[in-house]
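Numbering (full-length UniProt numbering), first residue to last: 1 to 557. No residue lacks a Cβ here, since even glycine has one placed at the ideal position from N, Cα and C. Working notes, beginning with the structure itself.
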């Protein structure tokens, strides 16, 4: 097979995927998916009777290494490509997914001494049990008027690195003391592949409060707790490198295991959703990428830095060199539909779908598509996993208003679809109110190609054209692009990400346009969405009170 190739590794929430990609046109030559053996650990620890509290979400680090050894070998075998033509490997990873390691880079959860403590395990990005720590951090940072807050929309999420470290410190002091470092899982995987610990500017910038060479001051960390005063110099130490940097080359042992040359370049890691930006050919402002999977991540490039309420972060050179990369998000996307199908769809719907040989999604989508905007009288807030942008509050919860004894499953399903689009509309409006114009939307991930109704609803509610990736594997393709940049042109790769994006981008020729009548109808409903958004998100404490009751009940039982 002619040309050179790169491997993109995409470590997701439930599974990981390896893709072999052509550097000529971005086409996938071979791929292999592994569902994590231990999945998302949210009830009890593996091989243990230790049960987890509310909002815990952990993973097993062995699942990551096992995937690498199986999948790269498999895509090389399936493709028939000569290993010498594979010039680089890129790693995309969910973030902030973090873990404590000892001085030999071994995860503490693999040490029998610590394995029974949940805080020794990998904390997945959607671990929200650090909310108390996040509240403390935000209170102290606000009191001190810390300048970093404005870069993250005024609040730090419980999903991020520092709240998770603070939770470990406050709940499991022995784990904190035993940890030589707290590391992003993406950085850890790269270190296991190369033997070099090279921190990614992407994860450090968006999830660990780092900005262009510095963290918040030691005085701030001391205010959190005197033990944390020198956290960034000790347990968060390590040189931070821009995207596209070569972290190193495959170790001899791993190269032998997966059948690639020892000299194969490995790039520093990138947050999985962020890798989708170059994969869709976006290297400039005016366009928003929506990475739509279990959650939704919104990514925008800007020419200057401005304050935007509730964004997840803005990092100079955070995605594409020369631009400020803005990140916002909705922490539940496809997870909402999975919840509904798994818990709330009546038996007659399952029977009807089976009779027509349709999946539940397909049956509900077909029936929901018959409805007009507003016809059901239902309206939902998409907070099944909290709210990220603009409220940055993991203690908020989902809401469905307008049900009656006549409400049908397809009406609820459509309301849930609409809730995601309204949430994205809120994000877009917030960006534009702060001077960051968004003219076009680009959608990628698992949802856009599975649900055409969802994408039409997004176009109608946002009143914007949507272009869709012609692959569901944009994070892996974007990661492969950075792997090719790490290799460099002399080794058959690229010298910069713009070159890679121009040759390897993946977008469908057709696109989705808004339907004028639907746009008008949704404008009225959006006013009601904002009323609910402000009342339950800002004015009322009812959601947090109910969460407190649920938490207390679980503790007592």
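Alpha carbon to alpha carbon, how far is residue i from residue j?
i, j, result
"residue 260", "residue 68", "12 Å"
"residue 160", "residue 95", "8 Å"
"residue 42", "residue 490", "46 Å"
"residue 493", "residue 151", "34 Å"
"residue 202", "residue 350", "43 Å"
"residue 344", "residue 384", "14 Å"
"residue 510", "residue 372", "24 Å"
"residue 113", "residue 178", "11 Å"
"residue 212", "residue 316", "7 Å"
"residue 406", "residue 413", "14 Å"
"residue 257", "residue 194", "13 Å"
"residue 355", "residue 446", "26 Å"
"residue 127", "residue 158", "8 Å"
"residue 460", "residue 467", "14 Å"
"residue 420", "residue 292", "10 Å"
"residue 52", "residue 541", "26 Å"
"residue 361", "residue 444", "19 Å"
"residue 183", "residue 62", "15 Å"
"residue 311", "residue 463", "21 Å"
"residue 533", "residue 176", "38 Å"
"residue 512", "residue 455", "7 Å"
"residue 558", "residue 167", "Residue 558 lies beyond the residue range present for the chain, which begins at 1 and ends at 557; the question has no answer from this structure."
"residue 70", "residue 408", "45 Å"
"residue 80", "residue 262", "19 Å"
"residue 411", "residue 452", "17 Å"
"residue 363", "residue 353", "6 Å"
According to the Cβ coordinates, are residue i and residue j closer than 9 Å?
i, j, result
"residue 153", "residue 328", "yes"
"residue 107", "residue 119", "no"
"residue 320", "residue 277", "yes"
"residue 206", "residue 271", "yes"
"residue 200", "residue 187", "yes"
"residue 476", "residue 18", "yes"
"residue 458", "residue 529", "no"
"residue 415", "residue 378", "yes"
"residue 274", "residue 318", "yes"
"residue 255", "residue 268", "no"
"residue 60", "residue 32", "no"
"residue 102", "residue 473", "no"
"residue 544", "residue 374", "no"
"residue 98", "residue 76", "no"
"residue 218", "residue 233", "yes"
"residue 58", "residue 165", "no"
"residue 250", "residue 208", "no"
Going by alpha carbons, who is nearest to residue i out of the options?
i, options, result
"residue 55", "227, 131, 545 and 285", "131"
"residue 471", "257, 449, 405 and 517", "449"
"residue 392", "82, 155, 7 and 26", "155"
"residue 402", "452, 381 and 175", "381"
"residue 506", "1, 27, 20 and 9", "27"
"residue 526", "540, 444, 538 and 429", "429"
"residue 64", "82, 93 and 80", "93"
"residue 433", "368, 390 and 168", "390"
"residue 23", "487, 104 and 196", "487"
"residue 116", "250, 265 and 48", "48"
"residue 323", "282, 348, 357 and 340", "282"
"residue 85", "5, 552 and 110", "5"
"residue 14", "124, 163 and 502", "124"
"residue 285", "299, 294 and 295", "299"
"residue 297", "330, 7 and 503", "330"
For the ligand FAD, I want to know if residue i counts as a neighbour, meaning its beta carbon is within less than 8 Å of at least one of the ligand's heavy atoms.
i, result
"residue 277", "The ligand FAD is not part of this structure, which contains no ligands at all."
Fill in: Any alpha helix (DSSP H) of 4 or more consecutive residues that is wholly inside the stretch 108-178
131-143, 161-171 and 173-178
Worksheet item: Curious, which full-length beta strand (DSSP E) runs of at least 3 residues does the stretch 40-109 contain?
Response: 86-93 and 98-101
Worksheet item: Taking contact to mean at least 3 C-beta pairs separated by less than 8 Å, is the stretch 239-248 in contact with the stretch 478-498?
Response: yes
Worksheet item: How about the stretch 293-311 and the stretch 137-149: do they share at least three Cβ pairs that are nearer than 8 Å?
Response: no
Item to complete: At 4 residues or longer, and completely inside the stretch 306-365: list those alpha helix (DSSP H) runs for me, N to C.
Response: 334-343 and 347-355
Worksheet item: Touching or not, the stretch 432-445 and the stretch 389-400, by the rule of three or more beta carbon pairs under 8 Å?
Response: no
Item to complete: Could I get the ranges of all uninterrupted beta strand (DSSP E) runs contained in the stretch 372-442, with 3 residues as the minimum, in chain order?
Response: 379-381 and 399-401
Fill in: beta strand (DSSP E) segments (min. 3 residues) lying fully within the stretch 241-305
246-249, 265-267, 287-292 and 296-302
Practice prompt. Within the stretch 456-498, note down every full beta strand (DSSP E) run reaching 3 residues or more, in order along the chain.
Written response: 466-468
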